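Everything below concerns the one structure shown next.
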Amino acid sequence: MKKSLFLVAACLALLAGPALAQTPASQPPGDQGLSVFHAGSLAKPMADLAKAFTAETGVPVTLTGSGSGSLRQRIEAGERPGVFASADMGNPEALAAKGLASRPAPFARNVVCALAKKSVGLTRDNLLDKLMDPAVKVGTSTPVLDPGGDYAWIVFDKAEALKKGAAQALKAKAIKLVGDPALPMPPKDYPRGQIAWHLEEGRADVFLVYLTTSRLALAELPGLEIVELPESLAVGALYGVSLVEGHTPRAKAFTDYLLGPKGQAVLEGYGFRRP
24 MKKSLFLVAA CLALLAGPAL AQTPASQPPG DQGLSVFHAG SLAKPMADLA
74 KAFTAETGVP VTLTGSGSGS LRQRIEAGER PGVFASADMG NPEALAAKGL
124 ASRPAPFARN VVCALAKKSV GLTRDNLLDK LMDPAVKVGT STPVLDPGGD
174 YAWIVFDKAE ALKKGAAQAL KAKAIKLVGD PALPMPPKDY PRGQIAWHLE
224 EGRADVFLVY LTTSRLALAE LPGLEIVELP ESLAVGALYG VSLVEGHTPR
274 AKAFTDYLLG PKGQAVLEGY GFRRP
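Remember, our numbering sits 23 above the position in the sequence shown when you count from 1.
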């Protein structure tokens, strides 16, 4: 317990540090809100967090969700949200190295799993064989633009140790269906999320995706099942949050809320684990 409290305190100290200059507390008229860039996998918990934060502070929050890599590129191109919550540590660390953000503080953990149609007959034991089966369409997110795709590629690299040529074969057959803002989105009147949409439309039979996202899709679409990756292929995800260059004290208050007990409780409610 003491160790956990120490780690949270350390994270808060990093975010509060002098690495980035803050905008003065007195903001220009009409600029009383907060912009938060966040990983797409955080859409639902971030909506809840923003609502609760606004209720407590009166600060309206504008959320922008997408692949963390594409959001990093937008910040590098000049956009300046107050907060960047990424599905990895690498993207915010890259911004920190350029002086565009604070060093990231870890705030959540996730794992990669396989979400499959029950008709595939996927199990932990046959997972690699099924992924390599030419008849099975494997969906992933987009590497570089989204850590979800990077994590899927790590799974493929691990597969090489189990079967020679597996990494190249899997990367060649993987269908990048999400994570790139240029990719098609479900119709506005579609009642479910992106992953469920692609599986329902038959663009993929199996999706390598976060466990939290899989649970949401499973609740949306009958006929799916979640299969845990075998230990030899297991990949975890550590999420990191940074304050962006030019941030206001409101941004710091939001990250405090995210890292604090109320924010962590919201994340745990969606299946995320503490860092």
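No residue lacks a Cβ here, since even glycine has one placed at the ideal position from N, Cα and C. Everything numeric in this text was worked out from a predicted model, so none of it was measured.
Under the three-state reduction of DSSP output, LEU185 falls in the coil class, being neither helix nor strand. Counting the other CB atoms within 10 Å of its CB gives ARG273 a total of 16 or more, which places it among the buried residues. Apart from sequence neighbours up to five positions away, the residues of its chain that approach LYS194 with a beta-carbon distance below 7 Å are TRP176, PHE179, ordered along the chain. A Cβ-Cβ contact shorter than 9 Å links SER93 with GLY202.
SER125 carries a coil assignment under DSSP once its states are collapsed to helix, strand and coil. Taking 4 residues as the minimum length, the alpha helix (DSSP H) runs contained wholly in the stretch 183–228 are 189–196, 217–223, in order along the chain. Shown here, LEU231 sits in a strand according to DSSP, grouped into three states. Ranked by Cα distance from LEU239, the first of ASP152, GLY263, PRO214, SER255 is PRO214.
For LYS140, the three-state secondary structure derived from DSSP is strand.
Between VAL134 and VAL229, the gap from beta carbon to beta carbon reaches 9 Å or more. When secondary structure is reduced to three states using DSSP, LEU118 falls in the helix class. Between LEU247 and LYS140 a beta carbon distance of about 6 Å is seen, short of the 8 Å cut, so the two are scored as contacting. Linking GLU183 to GLU79 through their CA atoms gives a straight-line distance of about 50 Å.
Looking from the CA of HIS221, the closest CA among LEU234, ALA205, LEU244, PRO204 belongs to LEU244.
Sequence-distant partners of LYS186 (beyond 5 residues in either direction) whose C-beta falls short of 8 Å from its own C-beta, in its chain, are LEU151, MET155.
Of the residues ALA257, ALA276, GLY113, the one whose Cα lies closest to the Cα of PRO166 is GLY113.
For THR87, the enclosing beta strand (DSSP E) has its first and last residue at 84–89. In summary, GLY292 is exposed, with fewer than 16 beta-carbon neighbours lying within 10 Å of its beta-carbon over all protein chains present. For the pair GLY63 and THR271, the Cα-to-Cα distance works out to about 23 Å. Straight across, the Cα-Cα distance linking ILE198 with ALA227 is about 8 Å. The Cβ atoms of VAL267 and PRO127 lie no closer than 9 Å to each other.
Comparing C-alpha distances from GLY225 to each of GLN191, GLN287, ARG296, ALA158 shows the shortest one belongs to ALA158. Contact annotation: ALA110 and ASP169 have beta-carbon atoms nearer than 9 Å. SER89 places its beta carbon less than 9 Å from that of PHE60. The closest CA to that of PHE76, considering only LEU57, SER91, THR87, LEU241, is found on LEU57. For GLY162, the enclosing beta strand (DSSP E) stretches over residues 161–164. In the displayed model, ALA70 falls within a helix according to three-state DSSP.
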